[in-house]
Structure formats: C-alpha cells, structure tokens
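Visitor: What follows is a single structure, and I will ask about it in a moment.
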Amino acid sequence: TIVVNAQSGGGNTYYVATTGSDSNSGTQSQPFRTIRKGMSVLRSSYTLFIRGGEYNEKFENDLPFDNSAAISWSQAITISAYNGEPVIIKPSSAYFVFNFGGLKYAYLILDGLIIDAANVTIDGVKITYGSDPRQASHHIWIRNSTIKNAYSNGVLTSGEANGNIFTNVDVYNNGFRQYAADQRHPYGFYISSGDNIIENSKIHDNYAMGIHVYDDLRLYGPNNIVRYNLIYNNGINSVDPTRWPGFGFY
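Quick note: the sequence shown uses my numbering, first residue 1, plus one each step.
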C-alpha cells in the first residue's frame, strides 16, 4: 500500500527559483537559485518546490542528501514543480540527467518535472547501484513528469534497484541518437530490477520497444507491474519495425 501526501511531506519545505540566490535561506520569498543547493538541505520527509523555468543542472550519483534510513513513503523526500509551473531540467552536457546509484537515494519522489535529456550521452534517468548490485537505490517515484530525448534509454533500472514507481509519465523520443551512432537498440523504459510499477503513463515514439522488461538471469527482475498505460508508435523508425513491439519481456 502506498500512502503519500499528494502535495508535500510532513517536514520542512524549501524553494528554488531562477530568480533566487544560493546565498538565500530557501524560503518562498528568498528561494535558492539552483536545485542542487535546494537538495543540500533536504532530510527525510522534507519537500523542495521548484518554480517554473529551465535549469541547466545534472545529478549524476552525486545528489547532496542521504535518505538511506527511510523505510516507508511517509519518510520520502519530495522534489516537485511548484503549483503546476513548468520546470525543465536540461543539462548542457552530461551522461545522465538523473543517476541514482546507491542506498542513500531511497524513498524519493520527483513530481511534475520535464526531464529533457537532449544533451546527455547515456540515459535520461538511471536507477542502479555502484559496485554491488545489492547496494542499489530503490523506491524512487517519478510522477506527473516527462522524460524525453535521451541518447539511449529514457529510464533504466538494474540490479536490486527495486520498488520504483512511474505514474502519469510521458516518455518519448528516446534512443534515436544511440542507434545512429552504434546500431544498438535502446528503449523508452528498460526495466531490469524488481517490484516496479509503470502505470497511467504514455510511452511512445521511442526508437525500439516502449517498455522492455528484462529478467537478468532471474536474479533482479521479478514482480513488475505494467498497467493502464498508452503505448504506441514505438519501433516504427527502426531498421526492422516488426522486431520491436511496444512492450516486451525477455
């Protein structure tokens, strides 16, 4: 059972705006300038609201907070667009927009973000591990968001990066640049971990499969749920469109 406040957690609340300053206190009237600075003050159950605008930032397994002690969604850290304002996170260069690769990134909610990976060289969002597959990030909930334009996969999960949720996410235009470069076949979602949920989302116009669920030697990929999604126009521009259904298990 998932129980989460729809707007924010029960802890402190901070703000980021393109008009702010990282020397500010992070209040609504004195917001920080960068998302990274806002993240640096987050603790379990805290919320960071981001005002509308475009942010040239990347988060490659170096997010400045630790929520490894959290054991339920009631202790989640929430990073959210403020009041439906369009928040675009588009780094000018990066391997990923978000890369979560360790136990300290757990019970984290990303809400209302436009994750534009047009300038990255790997995936839009990667939820994974460092050197040990058992020491993976887990329980990351991306909702009401867009993930687009990645070089490779829109979203990749691997190892024991389990328990993630993707709700009302629009995932499209991922993988075309990688195929052009080396003829590999990336996906909208590449799920190679367990107990994940993809629901009420649109997955479309990606190079190969919209959703690829891969059970890695039956070690890391059981009990995934894919429900109530609209999956269309995936694989249509590949060399062999018949090879790439919208949704596949392997």
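Every residue, glycine too, gets a C-beta built ideally from N, C-alpha and C.
What do you get for residue 28, buried or exposed, if any count of 16 or more other CB atoms within 10 angstroms of its CB means buried?
Guide: Exposed: under 16 other Cβ atoms inside 10 Å.
Visitor: Distance, Cα to Cα, residue 76 vs residue 193?
Guide: Going from the Cα of residue 76 to the Cα of residue 193 covers about 20 Å.
Visitor: Under 8 Å by Cβ, that's how I've got residue 164 and residue 196 pegged, so tell me the actual separation to the nearest angstrom.
Guide: Between residue 196 and residue 164 the Cβ distance is about 5 Å, and since that is below 8 Å, they are a contact.
Visitor: For residue 212 and residue 139, I'd like the C-alpha separation in whole angstroms.
Guide: Looking at the two C-alpha atoms, the distance is approximately 19 Å.
Visitor: Checking the sheet assignment: what are the DSSP bridge partners for residue 53?
Guide: In the DSSP output, where bridge partners are listed per residue, residue 53 has 87.
Visitor: Helix, strand or coil for residue 35 per DSSP?
Guide: Of the three classes helix, strand and coil, the one that applies to residue 35 here is helix, per DSSP.
Visitor: May I ask you to report which of helix, strand or coil DSSP gives residue 59?
Guide: If DSSP states are grouped into helix, strand and coil, residue 59 belongs with the strands.
Visitor: Short check: CB of residue 234 to CB of residue 186, under 8 Å?
Guide: Not closer than 8 Å, so no.
Visitor: In this structure, does DSSP put residue 74 in helix, strand or coil?
Guide: Note: residue 74 maps to helix in three-state DSSP.
Visitor: So residue 126 is in the beta strand (DSSP E); what residue range does that whole segment cover?
Guide: Note, residue 126: beta strand (DSSP E), 125-127.
Visitor: Quick check on residue 91: buried or exposed, where buried means 16 or more other Cβ atoms within 10 Å of its Cβ?
Guide: That one is buried.
Visitor: Is the beta carbon of residue 59 closer than 8 Å to that of residue 119?
Guide: The answer is no: Cβ separation not under 8 Å.
Visitor: Could you tell me the distance, in whole angstroms, from the CA atom of residue 12 to the CA atom of residue 85?
Guide: Rounded to the nearest angstrom, the two C-alpha atoms are 21 Å apart.
Visitor: In the DSSP assignment, what are the bridge partners of residue 108?
Guide: According to DSSP, residue 108 bridges with 77 and 140.
Visitor: Within 10 angstroms of its Cβ, does residue 19 collect 16 or more other Cβ (buried), or is it exposed?
Guide: With fewer than 16 other Cβ atoms within 10 Å, it is exposed.
Visitor: Mark residue 230 as exposed unless 16 or more other C-beta atoms lie within 10 angstroms of its C-beta, in which case mark it buried.
Guide: When all chains shown are included, residue 230 counts as exposed.
Visitor: Closest to residue 159 by CA distance: which of 128, 150 and 146 is it?
Guide: Of the candidates 128, 150 and 146, the one whose C-alpha sits nearest the C-alpha of residue 159 is 128.
Visitor: Quick check on DSSP: helix, strand or coil for residue 177?
Guide: DSSP places residue 177 in helix when its eight states are reduced to three.
Visitor: Run through the DSSP bridge pairs and tell me what residue 103 is partnered with.
Guide: According to DSSP, which records beta bridges pairwise, residue 103 is partnered with nothing at all.
Visitor: If you compare alpha carbons, which of 94, 41 and 124 is closest to residue 174?
Guide: If we check each option's Cα against that of residue 174, 124 comes out closest.
Visitor: Does the Cβ-Cβ distance between residue 169 and residue 147 come in under 8 Å?
Guide: In this structure, residue 147 lies closer than 8 Å to residue 169 by Cβ.
Visitor: What three-state label does DSSP hand residue 7 in the structure shown?
Guide: Reliability of the predicted coordinates at residue 7 is poor, the pLDDT of 49 falling under 50, and the value obtained from them is presented with this limitation in mind. Looking at residue 7 - three-state DSSP - the assignment turns out to be coil, as it is neither helix nor strand.
Visitor: Could you give the residue range of the beta strand (DSSP E) that holds residue 170?
Guide: Here the beta strand (DSSP E) through residue 170 covers 165-172.
Visitor: For residue 69, count neighbouring Cβ atoms within 10 angstroms of its own Cβ and tell me buried if that reaches 16, exposed if not.
Guide: It is exposed - the Cβ of residue 69 has fewer than 16 other Cβ atoms within 10 Å.
Visitor: From the DSSP output, in three-state form, read off residue 18 for me.
Guide: Three-state DSSP puts residue 18 in coil, outside helix and strand.
Visitor: Let me check understanding here. Comparing Cα to Cα, which of 82, 122 and 83 lies closest to residue 177?
Guide: Nearest of 82, 122 and 83 to residue 177, Cα basis: 122.
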